[in-house]
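Asker: In my numbering, the protein residues as written are 78 to 356.
Built from N, CA and C at the ideal position, the CB exists for glycine as well.
This structure is a prediction, so every number in the text was calculated from the model and none was measured.
First the structure, which I've put down as structure tokens, then a few questions once you've had a look.
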């Protein structure tokens, strides 16, 4: 009987040791909630992995990062080639202000330009002639902007024509240093428009003012004039030296309106596609 009691007590201890420990209140609910959260997260992660794998398998090779960058570059290059072709063909963007004319008053807003012994400045001559030219062009129906030498508006400036007005040196060079000079930007539209602009200005200005075209002394400062690189490639542009401030000083100083008439006639010739006599 004693042995049996001891055996029964041993069995009771074994059963007791296999029972779950007593947990605090609500601990089973908490454990159940964490289990549910982990199950949801696992499902989301697994779904993401499957989706990414399927997307990678489906995605065409030409949309890979490297290929996409290459395609974007090709599209940009094609757009640039198309633009150059349109420029060369004389095709202007929609709404391009073909009736606008920009006149740069040489040295205005920067310095006085050449200064002669009697105090006459290049800026004074340039300003007088440019103002008269503006008035004549506006009266003819053009929209005209008077611009400073380094005007902020020159950046990508759009117009049917841009002309910069300057005057040549006050110093005596020789007896041949008399007359005017004209140069044009090598337009991306081709040199046809630039050539025609020079022809129009040279012909009309010479006939009206009586000054000769001193083409022999056209300098790189004129052909590489800074504004040519700033304006829109669709804008035809040129520069004129009105005359020499030494031997031509009298006409430059006393007849600015006559010089402006020569410029107006040259611009009108170009803008209205008038005939120019070939030399």
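At the level of alpha carbons, what is the spacing between residue 203 and residue 168?
Answerer: The residue labelled residue 203 in the question sits at position 126 within the chain shown. The residue labelled residue 168 in the question sits at position 91 within the chain shown. Their backbone Cα atoms lie some 33 Å apart in a straight line.
Asker: Would you mind working out which of 273, 221 and 261 sits nearest residue 301, comparing C-alpha positions?
Answerer: Your numbering for residue 301 matches position 224 in the chain shown. Answer by Cα proximity: 261.
Asker: When you compare the CB positions of residue 242 and residue 340, do they come within less than 9 Å of one another, or not?
Answerer: Here residue 242 corresponds to residue number 165 of the chain shown, with the count starting at 1. Here residue 340 corresponds to residue number 263 of the chain shown, with the count starting at 1. Yes, the pair counts as a contact, with Cβ atoms nearer than the cut-off.
Asker: Give the DSSP-derived three-state secondary structure of residue 182 in the structure shown.
Answerer: Locating residue 182 in the chain shown gives position 105, counting from the first residue. Correct three-state label for residue 182: strand.
Asker: Taking DSSP as the reference, what is the three-state secondary structure of residue 270?
Answerer: Along the chain shown, read from residue 1 onward, the residue named residue 270 stands at position 193. Helix at residue 270.
Asker: Taking the DSSP output, what are the residues bridged to residue 221?
Answerer: As a working mapping, residue 221 is identified with position 144 in the chain shown. In the DSSP output, where bridge partners are listed per residue, residue 221 has 178.
Asker: Report all residues from its chain with a CB closer than 6 Å to the CB of residue 346; omit the five preceding and five following residues, and keep chain order.
Answerer: Indexing the chain shown from 1 puts residue 346 at position 269. Hits under 6 Å: 277 and 281.
Asker: Go ahead and label residue 321 buried or exposed: buried means 16 or more other beta carbons lie within 10 angstroms of its beta carbon, across all protein chains shown.
Answerer: Residue mapping note: residue 321 aligns to position 244 of the chain shown, counting from 1. Its Cβ being crowded by 16 or more others within 10 Å, residue 321 is buried.
Asker: Can you look up residue 199 in the DSSP assignment and give me helix, strand or coil?
Answerer: For the purposes of this step, residue 199 is taken as the residue at position 122 of the chain shown. Looking at residue 199 - three-state DSSP - the assignment turns out to be helix.
Asker: Can you tell me whether DSSP reads residue 306 as helix, strand or coil?
Answerer: Numbered from its first residue, the chain shown carries residue 306 at position 229. Helix at residue 306.
Asker: Since residue 176 and residue 220 are thought to touch, with beta carbons under 8 Å apart, how far apart are those beta carbons, to the nearest angstrom?
Answerer: The count along the chain shown starts at 1 and reaches residue 176 at position 99. The count along the chain shown starts at 1 and reaches residue 220 at position 143. For a cut-off of 8 Å, the C-beta gap from residue 176 to residue 220 is around 6 Å, short enough to register as a contact.
Asker: Helix, strand or coil: which one does DSSP assign to residue 321?
Answerer: Within the chain shown, the letter at position 244 stands for residue 321. Reduced to three states, the DSSP call for residue 321 is strand.
Asker: Quick one: Cα of residue 245 to Cα of residue 286, how far?
Answerer: Here the question's residue 245 lines up with position 168 in the chain shown. Here the question's residue 286 lines up with position 209 in the chain shown. Roughly 16 Å separates the two Cα atoms.
Asker: Between the C-alpha atoms of residue 328 and residue 249, what's the straight-line distance to the nearest angstrom?
Answerer: Stepping through the chain shown from its first residue, residue 328 is reached at position 251. Stepping through the chain shown from its first residue, residue 249 is reached at position 172. Going from the Cα of residue 328 to the Cα of residue 249 covers about 16 Å.
Asker: Please classify residue 196 as buried or exposed, where buried requires at least 16 neighbouring CB atoms within 10 angstroms.
Answerer: The sequence position of residue 196 within the chain shown is 119, counting from 1. Here residue 196 is exposed: its Cβ has fewer than 16 other Cβ atoms, across all protein chains shown, within 10 Å.
Asker: Looking at residue 274: is its Cβ nearer than 9 Å to the Cβ of residue 238?
Answerer: As a position in the chain shown, residue 274 is number 197, starting the count at 1. As a position in the chain shown, residue 238 is number 161, starting the count at 1. Going by C-beta atoms, residue 274 is nearer than 9 Å to residue 238.
Asker: DSSP three-state call for residue 249: helix, strand or coil?
Answerer: Sequence index remark: in the chain shown, residue 249 carries index 172 (1-based). Coil.
Asker: Our contact map puts residue 255 next to residue 324 with C-beta atoms below 8 Å; I'd like the distance itself, whole angstroms only.
Answerer: As a first step, residue 255 is located in the chain shown; it is residue number 178 there, counting from the start. As a first step, residue 324 is located in the chain shown; it is residue number 247 there, counting from the start. Correct: roughly 4 Å between the Cβ atoms.
Asker: Could you check which residue in 332, 170 and 230 has the C-alpha nearest to that of residue 179?
Answerer: Taking the chain shown and counting its residues from 1, one reaches residue 179 at position 102. Comparing Cα-Cα distances from residue 179 to each of 332, 170 and 230, the minimum goes to 230.
Asker: Buried or exposed for residue 349, please, with buried defined as at least 16 other CB atoms from any protein chain shown within 10 angstroms of its CB.
Answerer: Position 272 of the chain shown, counted from the first residue, corresponds to residue 349. Under this definition residue 349 is an exposed residue.
Asker: Rounded to a whole number of angstroms, what is the C-alpha to C-alpha distance between residue 188 and residue 225?
Answerer: Position 111 of the chain shown, counted from the start, is the residue given in the question as residue 188. Position 148 of the chain shown, counted from the start, is the residue given in the question as residue 225. Residue 188 and residue 225: Cα-Cα distance of roughly 10 Å.
Asker: DSSP beta-bridge partners for residue 313?
Answerer: Here the question's residue 313 lines up with position 236 in the chain shown. Per DSSP, the beta bridge partners of residue 313 are 238.
Asker: Can you check DSSP and say which residues form a bridge with residue 290?
Answerer: Taking the chain shown and counting its residues from 1, the one referred to as residue 290 is at position 213. Paired residues: 257.
Asker: Determine the DSSP secondary structure at residue 204, reduced to helix, strand or coil.
Answerer: The sequence position of residue 204 within the chain shown is 127, counting from 1. Three-state result, residue 204: helix.
Asker: Checking 9 Å against the spacing of the C-beta atoms, do residue 337 and residue 217 come in under that value?
Answerer: For the purposes of this step, residue 337 is identified with residue 260 of the chain shown, where counting begins at 1. For the purposes of this step, residue 217 is identified with residue 140 of the chain shown, where counting begins at 1. No, these two residues do not count as a Cβ contact at 9 Å.
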